[in-house]
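First to last, the protein sequences are chains A and B.
Counting with this note's numbering, you get residues 2 to 349 for the letters of the first sequence.
Counting with this note's numbering, you get residues 2 to 349 for the letters of the second sequence.
Using N, Cα and C, we set each Cβ at its ideal position, and we do this for glycine too.
These notes concern the structure reproduced below.
Number of protein chains: 2
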Amino acid sequence: MTRALTVSIDAMGGEAGPGAVVSALLKTIQRHSDVQFILHGDEAQLKPLLARQPKLKDRALVRHAPGKVSMEDKPSHVLRRGKDTSMWHTIQTLKSGDADVAISAGNTGALMAVSMFGLGIIDGISRPAIAVIFPTLKGQCIVLDVGANVTASEEQLVDFAVMGEAFAHAVFGLARPTVGILNVGAEEQKGNDGVRAAAQILRDSNLPMAFHGFVEGDDIAKGTVDVVVTDGFTGNIALKTAEGTAKLVGSYLRQALKRSLLSKLGAVIASGALQTLRRKLDPRTQNGGVFLGLNGIVVKAHGSADAVGFASAVDTAIDMARADINARISTDRSAIAAESAGAKVGEL
Amino acid sequence: MTRALTVSIDAMGGEAGPGAVVSALLKTIQRHSDVQFILHGDEAQLKPLLARQPKLKDRALVRHAPGKVSMEDKPSHVLRRGKDTSMWHTIQTLKSGDADVAISAGNTGALMAVSMFGLGIIDGISRPAIAVIFPTLKGQCIVLDVGANVTASEEQLVDFAVMGEAFAHAVFGLARPTVGILNVGAEEQKGNDGVRAAAQILRDSNLPMAFHGFVEGDDIAKGTVDVVVTDGFTGNIALKTAEGTAKLVGSYLRQALKRSLLSKLGAVIASGALQTLRRKLDPRTQNGGVFLGLNGIVVKAHGSADAVGFASAVDTAIDMARADINARISTDRSAIAAESAGAKVGEL
């Protein structure tokens with residue numbers, strides 16, 4: 002690869018529009034001097050935006066896409082009729098090898114469908130997963146799957162562990178991430194057949210991860226492990242329950258601080274600190290989700306991401322591309338398959 | 002029933018010990034003039050505690066139980082060897098009809114096993130469930146199951162809806178509670194087969210509830226519905242994820258307020274308000290869990306409940322007994338069974 006690391010960007014996907022995307026890229030080039038961009042979308046909007054940013058001139062290319070996927074479009078509709086959209090073009094540019102990673106803040110279901118159709122799944126992985134980065138008492142952890150699948154077999158949970166471990170390696174720089182499977186208790190006999198079987202496979206495996214065993218819901222925020230593995234049904238509900246709870250606590254705090262003149266005064270004096278807290282709880286500053294298990298790296302920025310949020314998602318994408326995450330996933334998955342085949346021979 | 006409403010109490014169950022239980026009952030008698038108690042446990046500890054409280058003298062009876070279930074005891078062990086424990090006696094007193102409701106702050110798994118063994122399941126209900134009351138932006142909602150079962154069929158989800166609706170009627174006084182099934186999206190086609198089939202049965206039913214359809218994880222804290230129905234695996238993880246998130250936000254808040262002299266000053270001035278917030282997020286002030294679906298009302302106070310928390314759990318127990326919750330569950334379950342039978346006849 003002689004060209005610089007290239008990010009394929011759906012410039013029309015998010016609620017904040019292409020202006021926020023361009024502002025995000027100005028942040029990105031401050032942090033990464035050797036990255037370039039291909040922006041897909043309406044060139045009548047994009048070209049004037051870029052023309053005003055001389056720093057991006059030599060590093061960002063516009064490719065015109067007349068269509069746009071809306072948040073309401075069904076994935077099946079986009080697959081049939083969405084070939085002219087900025088989202089479709091974004092993924093095709095990754096598929097063709099013109100880019101190393103793709104990013105969109107658009108409709109999650111459509112992006113997953115277009116990505117699966119365009120890129121296909123890594124050999125040996127049964128289904129892709131969506132991973133997110135959660136804040137914890139210790140820093141951050143990865144949770145997956147948070148919604149690509151509504152059920153997960155033991156083999157899929159093992160796939161998710163492999164993909165999560167590779168993601169933790171890529172974005173946290175950990176040589177040997179700790180991995181736990183989400184369950185209703187930490188003891189080995191707890192939970193359903195799927196989680197117990199997956200835990201047994203991971204316990205017996207020889208992967209570059211420290212398998213912790215089972216973790217519970219409160220271990221996510223505690224930061225007990227680097228990677229929390231679960232099925233997409235439970236993971237989606239855990240993610241949204243956490244979001245809802247954080248908003249509830251924020252609302253309680255505002256109510257409490259408004260209750261008396263004294264508490265209002267205290268809030269005014271501590272407003273800088275409360276602002277810091279608000280930023281920490283704000284989804285715009287978070288990374289969105291990452292699609293793992295596809296033959297290509299796709300990052301889903303939050304639909305309401307502003308320039309800060311989009312730039313953070315671009316950072317994640319660059320980290321993943323640099324760490325060659327998919328090579329690690331393939332190697333680890335093959336190792337598990339070989340161990341499993343070896344174990345079967347041993348039983349004869 | 003000529004005797005007063007009687008609460009059978011495991012006085013040895015919680016971490017705070019029998020002293021907290023006696024303090025809790027002093028609160029209860031201020032709110033309920035016509036309730037009496039049977040306390041099970043070590044009479045050498047209990048009798049002196051009660052002797053110091055003349056207000057409880059005529060209303061609280063001690064029944065000696067030499068044994069005690071620990072938090073580490075396995076349910077199967079307690080079933081085989083726990084017949085001398087305060088927990089066992091507490092449930093037996095409910096079974097015999099000497100009490101109207103039972104309460105314990107002890108080991109949840111053991112309490113469920115002893116309760117199922119002692120009381121049996123309501124006719125027509127397939128499995129009991131554990132329900133908890135969550136705080137919401139609008140007030141409170143009920144979530145069940147949070148851990149009695151690790152899977153749930155469509156019929157069980159329907160049972161949980163019936164039991165949750167009866168619980169909301171009993172403790173919130175609602176004639177027609179709103180009920181939602183927890184899912185990964187609000188649209189009818191979302192989720193797995195179980196939640197879709199359960200939703201169809203509830204949509205077609207004629208129960209005293211307003212069936213809302215599907216709700217998502219963040220709808221719990223939003224208070225979108227009065228009752229959130231889910232399987233025990235997902236419910237347990239949602240509950241603990243919410244607890245963990247609330248603690249995380251609290252920790253962020255403390256960190257933020259310590260960061261500068263000004264923010265520390267603000268925190269001191271607003272300390273009353275911050276104290277109010279802390280109380281709202283404190284599990285001691287919450288109700289613990291309620292076992293639904295058994296032939297008898299069993300309330301599980303939080304293991305670390307202090308007098309305030311235990312008194313709150315006793316209040317919930319009294320509300321449930323007064324509302325005759327089990328009669329409502331039986332009636333509603335029979336109605337669904339009859340509708341289902343009628344529908345099958347209609348298909349012939």
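- Taking the alpha-carbon positions, what's the Ala61(A) to Arg4(A) distance? If you take the alpha carbons of Ala61(A) and Arg4(A), they lie about 13 angstroms apart.
- Task: Quick one: residues in its chain with C-beta nearer than 6 angstroms to the C-beta of Glu155(B), no 5 flanking neighbours on either side, listed in chain order?
- Result: Gly195, Ala198, Ala199
- Between the stretch 254 to 265 of chain B and chain A, which residues of the former have CB atoms less than 9 angstroms from a CB of the latter, in chain order? Leu254, Gln256, Ala257, Leu258, Lys259, Arg260, Ser261, Leu263, Ser264, Lys265
- Message: In this structure, how does DSSP classify Gly140(B) when only helix, strand and coil are distinguished?
- Response: Gly140(B): coil per DSSP, three-state reduction.
- Message: Which same chain residues end up closer than 6 angstroms to Gln46(B) when comparing Cβ atoms and leaving out the 5 residues on each side of it in sequence?
- Response: Short of 6 angstroms from the beta carbon of Gln46(B), and not among the five residues preceding or following it, lie these beta carbons of its own chain, in chain order: Pro19.
- Mind checking whether Glu189(A) and Asp219(B) have CB atoms under 8 angstroms apart? no
- Nearest residue (CA-CA) to Gly297(A), options Ser331(A), Val269(A), Thr277(A): Ser331(A)
- Return the CA-CA distance between Leu183(A) and Pro209(A), expressed in angstroms with no decimal places. 20 angstroms
- Note down, in chain order, all residues in the stretch 202 to 226 of chain B with a beta-carbon under 8 angstroms from any beta-carbon belonging to chain A. Within the stretch 202 to 226 of chain B, contact with chain A at the beta-carbon level (separation under 8 angstroms) is assigned to Glu217, Gly218, Asp219, Asp220, Ile221, Ala222, Lys223.
- Item | Short CB-CB distance (under 8 angstroms) between Val151(A) and chain B | yes
- Query: If you draw a straight line from the C-alpha of Ser272(B) to the C-alpha of Arg204(B), how long is it?
  - Reply: Each residue's alpha carbon lies about 48 angstroms from the other.
- Message: If the cut-off is 8 angstroms on Cβ atoms, which residues from the stretch 231 to 249 of chain B count as contacting chain A, listed in chain order?
- Response: Flagged, chain order: Thr231, Gly233, Phe234, Thr235, Asn237, Ile238, Ala239, Leu240, Lys241, Thr242, Ala243, Glu244, Gly245, Thr246, Ala247, Lys248, Leu249.
- Item | Min CB distance Leu47(A) to chain B below 8 angstroms | no
- Query: Quick one: is Gln93(B) buried, meaning 16 or more other Cβ sit within 10 Å of its Cβ, or exposed?
  - Reply: buried
- Message: According to DSSP, is Ser331(A) part of a helix, a strand, or is it coil?
- Response: helix
- Return the bridge partner residues of Val291(A) from the DSSP annotation. Val291(A) pairs with Ala132(A), Val300(A).
- Buried or exposed (CB count within 10 angstroms, at least 16 for buried), Ser97(A): exposed
- Message: Below 9 angstroms on C-beta distance, what does Val79(B) contact in chain A?
- Response: In chain A, no part has a C-beta under 9 angstroms from the C-beta of Val79(B); the shortest such distance is about 16 angstroms.
- Query: What is the DSSP secondary structure of Arg64(A), reduced to helix, strand or coil?
  - Reply: If DSSP states are grouped into helix, strand and coil, Arg64(A) belongs with the strands.
- Closer than 8 angstroms to chain B by CB, Gly267(A): Interface with chain B (8 angstroms Cβ-Cβ cutoff): Gly267(A) is included.
- Hey, Ile39(B) and Thr7(B): beta-carbon distance below 8 angstroms or not? yes
- Query: Under the rule that 16 or more other beta-carbon atoms within 10 Å means buried, what is Met72(B), buried or exposed?
  - Reply: exposed
- Task: Ignoring anything shorter than 3 residues or poking outside the stretch 99 to 126 of chain B, list the beta strand (DSSP E) runs there in chain order.
- Result: 102 to 105
- Query: Among the residues of its own chain, which have a CB less than 7 angstroms from the CB of Gly140(B), if the five just before and after it don't count?
  - Reply: Gly224
- Using alpha carbons as the reference points, say which of Leu254(B), Asn150(B), Ser252(B), Ile221(B) lies closest to Thr246(A). Ile221(B)
- Task: Less than 8 angstroms between the CB atoms is what I'm expecting for Val147(B) and Gly290(B), so what's the real figure, rounded?
- Result: 7 angstroms
- Taking three-plus beta-carbon pairs below 8 angstroms as touching, is the stretch 110 to 120 of chain A in contact with the stretch 314 to 327 of chain A? Output reads no: the stretch 314 to 327 of chain A does not touch the stretch 110 to 120 of chain A.
- Query: Which residue comes first and which comes last in the beta strand (DSSP E) that contains Ser9(A)?
  - Reply: 6 to 11
- Contact between the stretch 305 to 316 of chain A and the stretch 333 to 340 of chain A (3+ Cβ pairs under 8 angstroms): Note that the stretch 305 to 316 of chain A does not touch the stretch 333 to 340 of chain A; fewer than 3 beta-carbon pairs, one per stretch, sit closer than 8 angstroms.
- Task: Return the chain-ordered list of same chain residues with a C-beta closer than 7 angstroms to the C-beta of Met2(B), the five sequence neighbours on each side being excluded.
- Result: Only weak support is given to the placement of Met2(B): the predicted model assigns it a pLDDT of 48, under 50, and the value that follows is read from those uncertain coordinates. Counting only Cβ-Cβ distances below 7 angstroms, and skipping sequence neighbours, we find nothing.
- Specify, as a first and last residue, the run of the beta strand (DSSP E) that Ala308(A) falls within. Run containing Ala308(A): none in the beta strand (DSSP E); it sits in the alpha helix (DSSP H), 308 to 323.
- Opposing strand residues paired with Phe212(B) [DSSP bridges]: Answer by DSSP bridge pairing, in chain order: Val180(B).
- Message: Between which residues of its own chain and Phe213(A) is the CB-CB distance below 6 angstroms, once the five residues before and five after are set aside?
- Response: It should be noted that the sequence gives His, not Phe, for residue 213(A). Only Thr179, Gly181, Val226 meet the Cβ criterion.
- Item | Alpha-carbon to alpha-carbon, Ile131(B) and Thr231(B) | 11 angstroms
- Using a cut-off of 7 angstroms between C-beta atoms, extract the partners of Leu138(A) located in chain B. Leu249, Ser252
- Task: Compute the minimum distance between the beta carbon of Ser127(A) and the heavy atoms of the ligand COA, and state whether it is under 7 angstroms.
- Result: What this structure holds is no ligand at all, so the ligand COA is not there to describe.
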